[in-house]
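Data first, discussion second: the structure below is written as structure tokens.
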Amino acid sequence: MGDAASHRHRPVPGILTFIAADTANFILFFGYFMVERLHQPALFARSAAQLHIQLGLLNTVILITSGWLVALAVEAARAAEMAQVRRRLLGAIGLGLCFAIVKAIEYGVKIADGLTPQTDAFFTFYYVFTGVHLLHYAIGMALLVATAVMARTGRTDTGFTGWIESCALFWHMVDLLWVFLFAMLYLQGAR
Amino acid sequence: MKALRGPTAIWALLMLATVAGFGTARAGGWGFAVVILAATFKAHLIVRHYMELRFAPPAWRLVFDGLVGLSGAIILGLHVLA
Amino acid sequence: MASNARSASIDLLPNVDAWPQAQIAPPNPFRYVRFCLWMGPALLILLILFFAILGHNLPPYSAALSADGIAQHFRQHTTSARIGMIGMMVSGVLYLVWGMGITKVMEAAERDNDVLSRLQTWGAGFTTLVLVFPPAFWLTAAFRPEADAAILMTLYDTGWIMFDMVFSLTMLQVTAFAICFLHDERAVPLVPKPVSWFAIWVAVAFMGFCFLPFFRDGPFSRSGFFNYWVEFSLFFWAMLILSIFTLRALTRLQKEHAAHG
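Protein chains in written order, with numbering that gives the first Met the number 0: chain S, 0 to 190; chain A, 0 to 81; chain C, 0 to 260.
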């Protein structure tokens, strides 16, 4: 990396507007959840204790590692090393798939235990928040797959670098939102 | 310094923070404060380094630092109130 | 248009070249476009008046209410509900007029083909249907307020489900808008990129309506905080913001057109 000084005036990708708006929307989610929790902290803690904390942790590690591979792919794209871009993206996509598998297992186990969005306020939030997050995840995966396909054709123009940077930003947002969702839904106990 | 800033170093820090936050999982009060501080630190690393906001104009940095800080503050603040 | 006028004049004036050139107005590709775009804000005001205030939809009645509770609305506010729904059905067509204004601005940014501006037109056209059909159900209920409460509730629910759950049509409109202007390669884009990204965010946020059928109560029900005050209101914010920035783009296009003759 030529580092800081040469990148000082990097133009801001427009997708940051989207990410800021979307994150603000999630902050509304966090606020609403926490305010509802004020009325019944014991119930929320009891329901949270029924979540599989290890599966949540596993998904956190998956997303963080997948985000790391995407960050490396962007570096490779800037260096115009397409073979490496492709390898790293495929790694990120492969790991990303594991996130959906873990999530499917988690939902399956919960529903089998009779825990549905109708169970209580906590599970309503749990399903809706993780569902909205899953939608973002699906969009992010589609973008990564599209990027991997584009990288295959061996193009090295600046348009591709801009594209992969924007897709990476989106994928990091999926990661960012999960960090807070995981802490708030899975790791929060009663006082 | 270069090694400390690379994506791999950030990944290691993120994993460390994940473990640190997991240590006090399902605690309330101070234990949960550790969880949220670790999460906010992780979010900060993602925003600054992976999303490369450290290269962005100050206004954008402020927006994203604000969003990350606000997320942590709202969750922790309302947790303490409960 | 211009050639029609010219051919019509041939019959009247055998010697066409004698017609003084200065008296024929040059074609104006932006004629009516500003009017069309202003129909967005106009419709916004009409919808607030007819749909929201007279229709008592600010916010709508909770889906958790009993049939009698909802029937009570049509029995108490029969006249205002009728006027509101008539107004909504009459003014809803303006959405298509507004969409056509946006199409004309988009055409100026399109380089390769007109796929996106056409999709936007269709998206706006279909959204127009969303503005005129659901009120027909509410109007039917207000038309016979003495009917069985369960029927009134069903009509009310049908109207709302039709209104909220066809969000994909508006998603199409705003997404086509956004992709078009994101590909605008002018040094200073016709529509600022953040506006396009806002439009994409609106499209994604609309997906939240998918939760509506699962809840009769709470923040994700049709009258709840997220479904009504966040997502549903985004429809109106998008109308306002798209209007402002397409009007500004139009001003610029007209100046450019005037400068280049």
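Glycine included, each C-beta is placed from N, C-alpha and C at the ideal position.
Based on Cα-Cα distance, which residue from the options lies nearest to residue i?
i, options, result
"S:Ser-65", "S:Leu-168, S:Arg-190, S:Gln-187, S:Ala-189", "S:Leu-168"
"C:Ile-178", "C:Ser-116, C:Pro-134, C:Ser-242, C:Phe-34", "C:Ser-116"
"C:Phe-34", "C:Val-89, C:Trp-97, C:Pro-59, C:Phe-180", "C:Trp-97"
"C:Val-173", "C:Asp-216, C:Met-105, C:Ser-79", "C:Met-105"
"S:Phe-159", "S:Ala-72, S:Phe-29, S:Ala-20, S:Asn-58", "S:Ala-72"
"C:Phe-166", "C:Val-203, C:Leu-154, C:Pro-134, C:Phe-180", "C:Val-203"
"A:Phe-54", "S:Pro-12, S:Leu-42, S:Gly-130, S:Arg-85", "S:Pro-12"
"S:Gln-117", "C:Leu-241, C:Thr-250, C:Gly-217, C:Val-194", "C:Gly-217"
"C:Phe-29", "C:Met-238, C:Leu-171, C:Thr-250", "C:Thr-250"
"C:Glu-109", "C:Ser-222, C:Val-190, C:Lys-254", "C:Val-190"
"C:Phe-224", "C:Pro-188, C:Arg-143, C:Ser-61, C:Ala-141", "C:Ser-61"
"A:Val-18", "A:Ile-35, A:Val-62, A:Leu-69", "A:Ile-35"
"C:Gly-207", "C:Glu-230, C:Gly-68, C:Phe-213, C:Val-187", "C:Glu-230"
"S:His-135", "S:Val-148, S:Leu-175, S:Ala-147", "S:Leu-175"
"S:Ala-70", "S:Val-144, S:Glu-164, S:Ala-150", "S:Glu-164"
"C:Asp-183", "C:Ala-107, C:Tyr-31, C:Pro-144, C:Leu-246", "C:Ala-107"
"C:Gly-124", "C:Leu-168, C:Phe-210, C:Ile-160", "C:Leu-168"
"S:Val-127", "C:Phe-210, C:Ala-135, C:Gly-54, C:Phe-180", "C:Phe-210"
"A:Leu-66", "S:Gly-107, S:Trp-67, S:Leu-15", "S:Leu-15"
So what does DSSP say about residue i, is it helix, strand or coil?
i, result
"S:Gln-117", "coil"
"C:Gln-172", "helix"
"C:Gln-22", "helix"
"S:Gln-49", "coil"
"A:Ala-11", "helix"
"A:Ala-26", "strand"
"S:Gln-39", "coil"
"S:Leu-176", "helix"
"S:Val-131", "helix"
"C:Arg-5", "Model confidence at C:Arg-5 stands at a pLDDT of 48, short of 50, so the residue's coordinates are unreliable and nothing is read from them."
Any beta carbon of chain S sitting closer than 9 angstroms to that of residue i?
i, result
"C:Phe-208", "no"
"A:Pro-6", "yes"
"C:Ala-4", "With a pLDDT of 47 at C:Ala-4, under the threshold of 50, the modelled position of that residue is not reliable, and the figure given next carries that caveat. Cβ-Cβ to chain S under 9 angstroms: no for C:Ala-4."
"C:Phe-205", "no"
"C:Val-264", "Limits of chain C in this structure are 0 at one end and 260 at the other, which puts residue 264 of chain C out of reach."
"C:Leu-181", "yes"
"C:Val-190", "no"
"A:Ala-81", "yes"
"C:Phe-231", "no"
"A:Leu-61", "no"
"C:Trp-121", "no"
"C:Phe-214", "yes"
"C:Ile-240", "no"
Just reading off the alpha helix (DSSP H) that residue i is part of, what are its end residues?
i, result
"S:Arg-77", "52-77"
"C:Thr-102", "93-108"
"C:Gln-71", "66-75"
"C:Gln-253", "232-258"
"S:Val-11", "Premise fails: S:Val-11 is in no alpha helix (DSSP H) and is neither H nor E."
"C:Ile-125", "Looking at the sequence itself, residue 125 of chain C is Phe, so the reference to Ile does not match. 114-131 is the extent of the alpha helix (DSSP H) around C:Phe-125."
"C:Asp-147", "No alpha helix (DSSP H) contains C:Asp-147, which DSSP labels as neither H nor E."
"C:Gly-223", "Taken as a continuous stretch (DSSP letters only), C:Gly-223 belongs to no alpha helix (DSSP H), as it is neither H nor E."
"C:Val-32", "32-46"
"S:Glu-105", "81-111"
"A:Leu-77", "57-80"
"C:Met-186", "Going by the sequence as given, residue 186 of chain C is Ala instead of Met. Segment: none, C:Ala-186 is in no alpha helix (DSSP H) and carries neither H nor E."
Any idea if residue i is buried or exposed, counting beta-carbon neighbours within 10 angstroms, 16 or more meaning buried?
i, result
"A:Arg-47", "buried"
"S:Gly-93", "exposed"
"C:Ala-4", "In this prediction, C:Ala-4 has a pLDDT of 47, which is less than 50 and means its spatial position is unreliable; what the coordinates show is noted afterwards. The residue in question, C:Ala-4, is exposed, as its Cβ has fewer than 16 Cβ neighbours within 10 Å."
"A:Trp-29", "exposed"
"S:Val-131", "buried"
"C:Glu-255", "exposed"
"S:Asn-58", "buried"
"S:Leu-186", "buried"
"S:Ala-150", "buried"
"S:Asp-21", "buried"
"C:Ala-145", "Reading off the sequence shown, one finds Glu at residue 145 of chain C, where the question assumed Ala. With fewer than 16 other Cβ atoms within 10 Å, it is exposed."
So is residue i in contact with chain C if we call contact Cβ pairs under 9 angstroms?
i, result
"S:Ala-120", "yes"
"S:Ile-14", "yes"
"S:Val-131", "yes"
"S:Ile-138", "yes"
"S:Leu-184", "no"
Between residue i and the ligand ZN, is the CB less than 8 angstroms from at least one heavy atom?
i, result
"C:Leu-171", "Absent from the structure shown: the ligand ZN. Ligands present: none."
Beta-carbon of residue i versus every beta-carbon of chain A: anything under 9 angstroms?
i, result
"S:Trp-67", "yes"
"S:Ile-92", "no"
"S:Leu-175", "yes"
"S:Ile-104", "no"
"S:His-6", "Below a pLDDT of 50, predicted positions are generally treated as unreliable, and S:His-6, at 49, falls in that range; the measurement from the model is reported next regardless. By this cut-off, S:His-6 is an interface position."
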